[in-house]
Amino acid sequence: MGITKGVFVTGTDTGVGKTLVSSALVRRLVQMGCPVGVMKPVETGVLPEQLGESDAGRLMAAAGTRDGIDEVSPYRFLAPLAPLAAASAQERVIEMQEIMGRYQRLAARYSSVVVEGAGGLLVPMGKDWDMRDLIGRIGLPVVLVGRAGLGGINHALLTLDGLRQRHCAVMAVLLNETALCTTPAQQEQCESTVALLRERAGVPVLGPLPYQPQLGSDWSGAVEMLAQSSPIRELADLVWATAVGMSGSPRRGPQP
Ligand SMILES: Nc1ncnc2c1ncn2[C@@H]1O[C@H](COP(=O)(O)OP(=O)(O)OP(=O)(O)O)[C@@H](O)[C@H]1O
Ligand SMILES: [Mg+2]
């Protein structure tokens with residue numbers, strides 16, 4: 000793939016904050032004047048009446064996109080299962096070619112595309128391919144979202160190792176506080192996770208993104224606030240630099 004503008008956001012696991020980080024990053028890029036396309040190639044557990052709260056719906060809201068939901072989210076499945084299992088439950092097959100076609104259409108229209116994976120790196124997508132194969136095919140640099148707490152070091156290093164095995168470029172690791180750190184021990188776990196990963200990751204380690212207690216009741220307010228946080232600003236600057244590197248300067252949209 001020749002097109003490398005934007006990022007593929009993957010995670011060390013499901014529920015680690017990929018949608019939160021992607022949404023805040025998209026908000027920040029839009030505020031910087033960078034037109035951003037969004038994509039969630041495969042999403043499971045999506046109820047048609049709750050599209051607004053789906054990952055695709057949240058990414059679209061963050062980008063303020065007028066693209067249709069099927070362009071952003073070609074494969075949506077009802078069952079809250081891993082992609083291959085959810086697709087099989089509906090007797091469907093996920094086609095990489097179909098995802099690539101939609102991605103290329105978005106990439107042709109935007110200075111940057113933010114693509115959110117599903118789950119982690121080795122999630123099966125088809126009979127003989129997984130999420131890592133899609134990452135390699137799309138060719139965007141990867142942002143790895145991981146937990147800032149205990150266990151986060153191993154998961155992040157394993158995922159980085161899996162990406163390196165396939166020569167996937169990694170832009171940054173972004174660590175997220177998915178739970179409130181209240182005790183001194185938890186704070187130390189968080190700080191030492193960040194410090195040790197900074198030593199060992201071999202790529203920039205950003206964060207931790209602070210825990211947002213209001214996320215459950217006010218998702219978009221929390222996203223707006225996080226778009227101004229230093230980890231997201233640093234990440235957006237890295238993505239901006241890629242977009243500039245590709246085309247001289249990102250096509251500027253309206254300023255906030
Ligand atoms: N910084 C945070 N502060 C508070 N809650 C958080 C934070 N990050 C994540 N969460 C909680 O974890 C949930 C999962 O986050 P998110 O949807 O971004 O994860 P994900 O990696 O995109 O998951 P999936 O694999 O389902 O796509 C959020 O709905 C929220 O409840
Ligand atoms: Mg998500």
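Just so you know, numbering that gives the first Met the number 0 puts 51 at position 52 of the sequence shown, and the rest follows in order with no gaps.
Just so it is clear, CB atoms sit at the ideal spot from N, CA and C, and this is done for glycine as well.
Because the structure is a prediction, the values reported are computed rather than measured.
Closest option to Thr192, judged by alpha-carbon separation, among Gln227, Thr9, Gly215 and Leu156: Leu156. Contact annotation, Ile93 with Gly125: C-beta distance approximately 5 Å; criterion of less than 8 Å satisfied.
Taking every protein chain shown into account, the CB of Arg91 has fewer than 16 other CB atoms within 10 angstroms, so this residue is exposed. In this structure, the straight-line span from the alpha carbon of Ala221 to that of Leu121 is close to 30 Å. At a threshold of 7 Å, Asp12 does not count as near ligand 2, since its beta carbon sits no closer than that to any of the ligand's heavy atoms. With a threshold of 16 other beta carbon atoms within 10 Å, Pro79 falls short and is exposed.
Around the Cβ of Glu187, a 10 Å sphere holds fewer than 16 other Cβ atoms; the residue is exposed.
Here Ser110 is buried, its C-beta having at least 16 other C-beta atoms within 10 Å. With a cut-off of 7 Å, the C-beta of Gln211 is classified as near ligand 1, since at least one heavy atom of the ligand falls inside that distance.
For Glu42, the secondary structure class from DSSP, reduced to helix, strand or coil, is strand. Annotation: Pro207 to Asp236 spans about 17 Å, alpha carbon to alpha carbon. Going by DSSP, Gly56 is part of the alpha helix (DSSP H) stretching over Asp54 to Ala62. The alpha-carbon of Thr64 is positioned some 25 Å away from that of Ser229.
For Ala106, there is no enclosing beta strand (DSSP E); the enclosing alpha helix (DSSP H) covers residues Met95 to Arg108. Beta bridge pairing from DSSP links Asn175 with Arg146 and Leu208. Taken through DSSP and simplified to helix, strand or coil, Arg26 comes out as helix. Nearest to Leu19 by C-alpha distance, out of Asp12, Leu133, Arg57 and Tyr74, is Arg57. Annotation: the continuous alpha helix (DSSP H) that includes Ser219 extends over Trp218 to Leu225.
The beta-bridge partner set that DSSP reports for Pro123 consists of Asp129.
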